[in-house]
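Student: Letter 317 of the first sequence, counting from 1, is numbered 317 in the UniProt record's numbering, and no numbers are missing. Glycine residues also receive a C-beta, built at the ideal position from the N, C-alpha and C atoms. These numbers were taken from a predicted model, which means no experiment stands behind them. First, the structure itself, so that you have it in front of you.
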Amino acid sequence: MNAGRRNNTVMPYFDFLLDRLEDFGEIAGCTEEEITAIESQFQLQLPEAYKDFLRLFGRESGHLLEPYAMTIDNLQAHKDEVTDMYEGTEPYDILNFSQKGFFFGHMDDMLLFFICNGDDDPAVYLMEAPEDINAYESSFTRFIELELQRDEEFPISHFLHSPVVFFAQDAPSIVTAGDFKDLAIRARVAFGICCLEYAISHFQLEELNWALILPLLWSYTADTVNTAIWGDQIAERMPSAILSDYPFDRKDIMWFELDTYEQLQQLYRQSNETVNELIYLVFRIGTQDLHTGVSRHSAQTLNYLQKIIRLMHENRLELPVITPFRQYPITEYNGWGRPFTREDLSNAGYKPANNLWSTTATAIAQQAILTQQVIRYNDFPAPPVFIAGADVEYDKYSDLIAGAIVVLERSTLQVVAYATHCMQVTFPYIPGLFSFREMPPLLAAWEKLSQKPDLIICDGHGIAHPRRFGLACHMGVTLNLPAIGCGKTRLCGHYAMPAGEKGASSPLLADGSDEVIGAVLRSQTRINPIFVSIGHKIDISTATSVVLDMCREFRLPETTRIADQYAREAMEAYKAAHDTGQSH
DNA sequence: GCGACAG
DNA sequence: ATCTTGTCGC
Ligand SMILES: [Mg+2]
Numbered sequence: 001m002n003a004g005r006r007n008n009t010v011m012p013y014f015d016f017l018l019d020r021l022e023d024f025g026e027i028a029g030c031t032e033e034e035i036t037a038i039e040s041q042f043q044l045q046l047p048e049a050y051k052d053f054l055r056l057f058g059r060e061s062g063h064l065l066e067p068y069a070m071t072i073d074n075l076q077a078h079k080d081e082v083t084d085m086y087e088g089t090e091p092y093d094i095l096n097f098s099q100k101g102f103f104f105g106h107m108d109d110m111l112l113f114f115i116c117n118g119d120d121d122p123a124v125y126l127m128e129a130p131e132d133i134n135a136y137e138s139s140f141t142r143f144i145e146l147e148l149q150r151d152e153e154f155p156i157s158h159f160l161h162s163p164v165v166f167f168a169q170d171a172p173s174i175v176t177a178g179d180f181k182d183l184a185i186r187a188r189v190a191f192g193i194c195c196l197e198y199a200i201s202h203f204q205l206e207e208l209n210w211a212l213i214l215p216l217l218w219s220y221t222a223d224t225v226n227t228a229i230w231g232d233q234i235a236e237r238m239p240s241a242i243l244s245d246y247p248f249d250r251k252d253i254m255w256f257e258l259d260t261y262e263q264l265q266q267l268y269r270q271s272n273e274t275v276n277e278l279i280y281l282v283f284r285i286g287t288q289d290l291h292t293g294v295s296r297h298s299a300q301t302l303n304y305l306q307k308i309i310r311l312m313h314e315n316r317l318e319l320p321v322i323t324p325f326r327q328y329p330i331t332e333y334n335g336w337g338r339p340f341t342r343e344d345l346s347n348a349g350y351k352p353a354n355n356l357w358s359t360t361a362t363a364i365a366q367q368a369i370l371t372q373q374v375i376r377y378n379d380f381p382a383p384p385v386f387i388a389g390a391d392v393e394y395d396k397y398s399d400l401i402a403g404a405i406v407v408l409e410r411s412t413l414q415v416v417a418y419a420t421h422c423m424q425v426t427f428p429y430i431p432g433l434f435s436f437r438e439m440p441p442l443l444a445a446w447e448k449l450s451q452k453p454d455l456i457i458c459d460g461h462g463i464a465h466p467r468r469f470g471l472a473c474h475m476g477v478t479l480n481l482p483a484i485g486c487g488k489t490r491l492c493g494h495y496a497m498p499a500g501e502k503g504a505s506s507p508l509l510a511d512g513s514d515e516v517i518g519a520v521l522r523s524q525t526r527i528n529p530i531f532v533s534i535g536h537k538i539d540i541s542t543a544t545s546v547v548l549d550m551c552r553e554f555r556l557p558e559t560t561r562i563a564d565q566y567a568r569e570a571m572e573a574y575k576a577a578h579d580t581g582q583s584h
């Protein structure tokens, strides 16, 4: 009767519900047209299991499922909520990748989503905040099945399969215009200029002649500034004015000559719209209250600040942290704030733009999602014979990074194969996000490797990691290869010192629980122990014995040592080849 | 609020 | 991780 009634469509995913549909009370399904409309509205391909769900419950989900707000009339609200969390970014862009996150319901304050990656019955995740994402159920059907079995209203206590923690510095800076409500105009201008600098760095426009405008902008925060003159000077240098069709006219321009005008033209032409718009917005903040004085919170400059923040978000740009600006309250100097310099900001924690830092939230989300794919038991057909080692080398004077993977025969330590790759770094070093820094050259080296190993020992932790997803896990899961994490120092967890003799070990325990996340292994007698943990497809005792087996004369396993050698060699070779090619 | 934080 | 010199203990 209902248009949502299924016709001949097979609905295999919720067979288990068909004989108890009356328990749900009032239910109604979606039509195929509605489902198609959702897909086009959200620009994604919905998984089959979810479509089946919609065919049954898409319009009315009955009292059992009602608290989850999973009917289609809620979808836009879910999306809006996520959008708010991310302040302007599209919710399905959160997880970066090519896949899109689809937010289909909620539990209390937490949003439920799956990733549209082509999987017919995808895993379900819970998002409490952008950087706090947990795997919840292994599939959508299982999610429905298990939720219906729960008696409790909202069984929050067992939401989390494993605790997800992250270092505070991993979290992206979240700043809203409202945060500047009580801060001086000088602080607002300075924040805008900092955003401008971040944008310049992000678009790799540092080489342009920013000296034409940046120092002048910064002069606003100095004690010598005359804001009226500053406004006049900046107005003449506005990108819109310089790039307009009107030719240079000495009568209109008081503050610079023709050659400066031409240089400015060149600058803004090579710049881009976003950066030029930021300059304009900074100008507006600086001049808005010029004649009226600063009233209360100066709502209009907050408005421009909001535009700046939105522009930054639209371009996926990290925002400067707000801490350094907090020291300039709106109560000082009639709202303008006391003067300061860029150095004052640096001393208070302002970090210059680093375009590599903009993706931390995405990286954390990936880890929370990928960690459930880690297999923590032995999963290999035969005892591993060809053991790979991996290490990465850096160069202090450039942004070069060289990765090496070496394959050794387990007992003889013969080098069976090796491969290296040198490239530019693509990610900064952030404890907890290490794999995003070292994986790219390692994966490139892996591609070149003529003989693939049975197992890989990585120079970094596996599950001995705040989100249980260190470098070794990332490598293992990515390559679908048994992997061991072997770190030199602790990242997280606590332990008792193992006995002094080679081979002694003690468990590495997770912070705040008794979960064993690794082994502290004495690899040489009375030498500092090393940290072994599961990477992928191997258990901790097997991992420990394999690592111990590879530790012959030194503290570190031969795999790591030899990989280190090859990586260093590759770096030197690359630099030498590059030098001769460049020096005229 | 402060310290801790793989390579 | 990087650079680089010196020192300690076997
Ligand atoms: Mg290393």
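Counting Cβ pairs, one atom from each stretch, are 3 or more of them under 8 angstroms apart for the stretch 438-449 and the stretch 523-533?
Tutor: no
Student: Let me check you understand the geometry: is the CB of residue 391 closer than 6 angstroms to at least one non-hydrogen atom of ligand 1?
Tutor: Correct: residue 391 has its Cβ closer than 6 angstroms to ligand 1.
Student: Taking the beta strand (DSSP E) that residue 238 belongs to, which residues open and close that run?
Tutor: First-last for residue 238: undefined, no H or E at that position.
Student: Excluding the five sequence neighbours on either side, which residues of its own chain have a C-beta within less than 6 angstroms of the C-beta of residue 563, listed in chain order?
Tutor: 389, 390, 391, 404 and 406, listed in sequence order.
Student: When DSSP labels each residue in this structure, what does residue 85 get in the three-state scheme?
Tutor: Helix.
Student: Please report the distance separating the alpha-carbon of residue 116 from that of residue 375.
Tutor: 23 angstroms
Student: Nearest to residue 465 by CA position, among 146, 371, 410 and 418, is which residue?
Tutor: 371
Student: Pick out whichever of 396, 31 and 178 has its Cα sitting closest to the Cα of residue 304.
Tutor: 178
Student: Please tell me whether, using a cut-off of 6 angstroms, the distance from the CB of residue 459 to the nearest non-hydrogen atom of ligand 1 is below it.
Tutor: yes
Student: Rounded C-beta distance between residue 119 and residue 378? I'm assuming under 8 angstroms.
Tutor: Not a contact, Cβ separation roughly 26 angstroms.
Student: Tell me, please, which residues DSSP counts as bridged to residue 506.
Tutor: 520
Student: Taking the alpha carbon of residue 60 as the point to measure from, which residue in 48, 22 and 39 has its own alpha carbon closest?
Tutor: 22
Student: Can you tell which of 193, 176, 77 and 575 has its C-alpha closest to the C-alpha of residue 396?
Tutor: 575
Student: Relative to the alpha-carbon of residue 65, which residue among 413, 48 and 148 has its alpha-carbon at the smallest distance?
Tutor: 148
Student: I'd like to know if the stretch 276-290 and the stretch 236-254 are in contact, where contact means that at least 3 CB-CB pairs between them fall below 8 angstroms.
Tutor: yes
Student: Look at residue 450 and residue 483 and say whether their C-beta atoms are less than 7 angstroms apart.
Tutor: No. Outside cutoff.
Student: Quick one: what's got a C-beta closer than 6 angstroms to residue 296's C-beta in the same chain, skipping five residues either side?
Tutor: Correct list: empty, nothing qualifies.
Student: Helix, strand or coil for residue 308 per DSSP?
Tutor: helix
Student: Distance check for residue 496 and residue 526, CA to CA, integer angstroms please.
Tutor: C-alpha separation (whole angstroms): 15 angstroms.
Student: Within 10 Å of its beta-carbon, does residue 191 have 16 or more other beta-carbons around it, so buried, or fewer, so exposed?
Tutor: buried
Student: Identify the continuous beta strand (DSSP E) that holds residue 391 and give its terminal residues.
Tutor: 386-394
Student: Return the Cβ separation of residue 340 and residue 186 in integer angstroms, given the expectation that the two are a contact with Cβ distance under 8 angstroms.
Tutor: Residue 186 and residue 340 do touch by the CB rule: their CB atoms are close to 7 angstroms apart, below 8 angstroms.
Student: Let me check understanding here. Comparing Cα to Cα, which of 398, 400, 419 and 399 lies closest to residue 408?
Tutor: Taking only the C-alpha atoms, the option nearest residue 408 is 419.
Student: Give the single residue among 141, 112 and 143 whose Cα lies nearest to the Cα of residue 133.
Tutor: 112
Student: Does the Cβ of residue 106 have 16 or more other Cβ atoms within 10 Å, making it buried, or fewer, making it exposed?
Tutor: buried
Student: Start and end of the beta strand (DSSP E) containing residue 473?
Tutor: Looking at the DSSP string, residue 473 is not in any beta strand (DSSP E); the run it does join, the alpha helix (DSSP H), is 471-479.
Student: Which residues in the same chain have their Cβ closer than 7 angstroms to the Cβ of residue 510, if we skip the five residues on either side of it in sequence?
Tutor: Within the same chain, 493 and 517 come within 7 angstroms of residue 510 by CB-CB distance, once the 5 residues on both sides are set aside.
Student: Can you round the beta-carbon distance between residue 384 and residue 546 to whole angstroms, since I take them to be within the 8 angstroms contact cut?
Tutor: Contact holds; Cβ gap of about 7 angstroms.
Student: What's the gap between the Cα of residue 560 and the Cα of residue 129?
Tutor: 38 angstroms
Student: Rounded to the nearest angstrom, what separates residue 544 and residue 74 at their Cα positions?
Tutor: 50 angstroms
Student: If you draw a straight line from the C-alpha of residue 196 to the C-alpha of residue 24, how long is it?
Tutor: 55 angstroms
Student: Where do the N-terminal and C-terminal ends of the beta strand (DSSP E) with residue 132 fall, by residue?
Tutor: Run containing residue 132: 132-137, per the beta strand (DSSP E) assignment.
Student: Only counting runs of 4 or more residues, tell me where the alpha helix (DSSP H) segments fall wholly within the stretch 222-279, in order along the chain.
Tutor: 227-236, 239-242 and 258-270
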